[in-house]
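Participant: Numbering (my numbering), first residue to last: 114 to 355. Heads up, the beta-carbon is just placed ideally off N, CA and C, and yes, glycines get one too.
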């Protein structure tokens, strides 16, 4: 069975997001999935400083100062990532925005190509659609196949939501998937970053990490996103073994 990571942010045990996370985790474990449930409120996650080091070097300077490396490893080691997120005034909570900012260079590399995502967004009344749309665009640029986007009002949280997410995993966890949007993003990135290697050098003469990444022979020899995703998953799994 593939490993599943459930990402939640709510501290309050009685919150609807925590309720969904607990019920879904229990159901998956009872059916022999390897599941890890984490709460981002338990992690020290610093704001992105806008230094652009990640774009030039592939490394985030703040990773040395907080717990973000732990989160990166957990995402890398999981095949399916489930985000359970409340709506904060028509948008994602601040900690999720920080996670997105800290992984923005990964969207330029499609670093998590081949991984699968499910989004469960909980709102009191409005904003769910806006948040799902935002998460969908973010995860596509990370290279993730989005299995489902689930919008639910707090008053409607019940076992049916858990069953919907669970059945989606059962139906798609090992199925070969294809998404035209992912194909278009892959071709755009490969074309853009395959230009003159001096084009995006910064003032300190660092070779832009993104150009170096996309110029690798294994990527240049890859013709489709689905092929890229398979190769990328194999690379990530090899890193996990090491």
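According to DSSP, what are the bridge partners of residue 280?
Facilitator: Stepping through the chain shown from its first residue, residue 280 is reached at position 167. Its beta-bridge partners do not exist; DSSP assigns none.
Participant: Give the straight-line distance between the Cα atoms of residue 211 and residue 153, rounded to the nearest whole angstrom.
Facilitator: As a first step, residue 211 must be located in the chain shown, where it is residue number 98. As a first step, residue 153 must be located in the chain shown, where it is residue number 40. Residue 211 and residue 153: Cα-Cα distance of roughly 11 Å.
Participant: Please classify residue 120: does DSSP put it in a helix, a strand, or coil?
Facilitator: Against the chain shown, residue 120 aligns to sequence position 7. Three-state DSSP puts residue 120 in a strand.
Participant: Where residue 293 and residue 253 are concerned, what is the direct C-alpha to C-alpha distance, given to the nearest angstrom?
Facilitator: Translated into the one-based positions of the chain shown, residue 293 becomes position 180. Translated into the one-based positions of the chain shown, residue 253 becomes position 140. Distance between the alpha carbons of residue 293 and residue 253 is about 11 Å.
Participant: Keeping to the same chain, check which residues put their C-beta closer than 8 Å to that of residue 206; ignore five residues upstream and five downstream.
Facilitator: Sequence index remark: in the chain shown, residue 206 carries index 93 (1-based). Here the set comprises 122, 198, 199.
Participant: Quick one: grab the DSSP three-state call for residue 264.
Facilitator: The sequence position of residue 264 within the chain shown is 151, counting from 1. Of the three classes helix, strand and coil, the one that applies to residue 264 here is strand, per DSSP.
Participant: Using only CA atoms, which one of 332, 348, 234 lies nearest to residue 300?
Facilitator: Residue numbering aside, residue 300 sits at position 187 when the chain shown is read from its first letter. Comparing Cα positions, the closest option is 332.
Participant: List the endpoints of the continuous alpha helix (DSSP H) containing residue 213.
Facilitator: Indexing the chain shown from 1 puts residue 213 at position 100. Start and end: 207-215.
Participant: Using 10 angstroms around the beta-carbon of residue 220, count the other beta-carbons present and answer buried if the total reaches 16, otherwise exposed.
Facilitator: Here residue 220 is taken as the residue at index 107 of the chain shown, counted from 1. So residue 220 counts as buried.
Participant: Can you tell me whether DSSP reads residue 355 as helix, strand or coil?
Facilitator: By 1-based counting over the chain shown, the position of residue 355 is 242. Reliability fails at residue 355, whose pLDDT of 49 lies under 50, so the model's placement of it is uncertain and the value that follows must be treated cautiously. Residue 355: coil per DSSP, three-state reduction.
Participant: Note down the Cα distance separating residue 275 from residue 266, rounded to an integer number of angstroms.
Facilitator: Here residue 275 refers to the residue found at position 162 when the chain shown is read from its first residue. Here residue 266 refers to the residue found at position 153 when the chain shown is read from its first residue. About 14 Å.
Participant: Give, in chain order, every unbroken run of the beta strand (DSSP E) that is at least 3 residues long and sits entirely within the stretch 163-236.
Facilitator: As far as the stretch 163-236 is concerned, its whole beta strand (DSSP E) runs of at least 3 residues are 193-199, 229-236.
Participant: Taking 8 Å as the threshold (C-beta atoms), are residue 231 and residue 255 in contact?
Facilitator: Locating residue 255 in the chain shown gives position 142, where the first residue counts as 1. Locating residue 231 in the chain shown gives position 118, where the first residue counts as 1. Not closer than 8 Å, so no.
Participant: Please classify residue 147: does DSSP put it in a helix, a strand, or coil?
Facilitator: For the purposes of this step, residue 147 is taken as the residue at position 34 of the chain shown. Strand.
Participant: Please confirm whether residue 215 and residue 161 have their CB atoms less than 8 Å apart.
Facilitator: For the purposes of this step, residue 215 is identified with residue 102 of the chain shown, where counting begins at 1. For the purposes of this step, residue 161 is identified with residue 48 of the chain shown, where counting begins at 1. Contact flag set, yes.
Participant: Residue 264: which of 236, 290, 291 sits nearest, CA to CA?
Facilitator: Walking along the chain shown from the start, residue 264 turns up at place 151. Residue 236 is the option with its Cα nearest to residue 264.
Participant: Could you tell me if residue 163 is buried or exposed, where buried requires 16 or more neighbouring beta carbons within 10 angstroms of its beta carbon?
Facilitator: Working through the chain shown from its first residue, we reach residue 163 at position 50. By the 10 Å Cβ count, residue 163 comes out exposed.
Participant: Measure how close the beta-carbons of residue 302 and residue 169 come, nearest whole angstrom, since I'm counting them as under 8 Å.
Facilitator: Working through the chain shown from its first residue, we reach residue 302 at position 189. Working through the chain shown from its first residue, we reach residue 169 at position 56. That belief does not hold up - the Cβ atoms of residue 302 and residue 169 are roughly 17 Å apart, past 8 Å.
Participant: What are the boundary residues of the alpha helix (DSSP H) that residue 303 is part of?
Facilitator: Sequence index remark: in the chain shown, residue 303 carries index 190 (1-based). Segment 293-306, the alpha helix (DSSP H) holding residue 303.
Participant: Out of 324, 257, 285, point me to the one whose CA is closest to residue 223's CA.
Facilitator: Taking the first residue of the chain shown as 1, we reach residue 223 at position 110. Here the closest residue by C-alpha is 257.
Participant: With a 10 Å radius around its C-beta and 16 neighbouring C-beta atoms as the bar for buried, classify residue 339 as buried or exposed.
Facilitator: If you number the chain shown from 1, residue 339 lands on position 226. Buried, because 16 or more other Cβ atoms sit within 10 Å of the Cβ of residue 339.
Participant: Under 8 Å between the Cβ atoms of residue 159 and residue 175?
Facilitator: Position 46 of the chain shown, counted from the first residue, corresponds to residue 159. Position 62 of the chain shown, counted from the first residue, corresponds to residue 175. Result yes, Cβ atoms of residue 159 and residue 175 sit closer than 8 Å.
Participant: Classify residue 186 as buried or exposed, calling it buried when 16 or more other Cβ atoms lie within 10 Å of its own Cβ.
Facilitator: Within the chain shown, numbered from 1, the residue matching residue 186 stands at position 73. That one is exposed.
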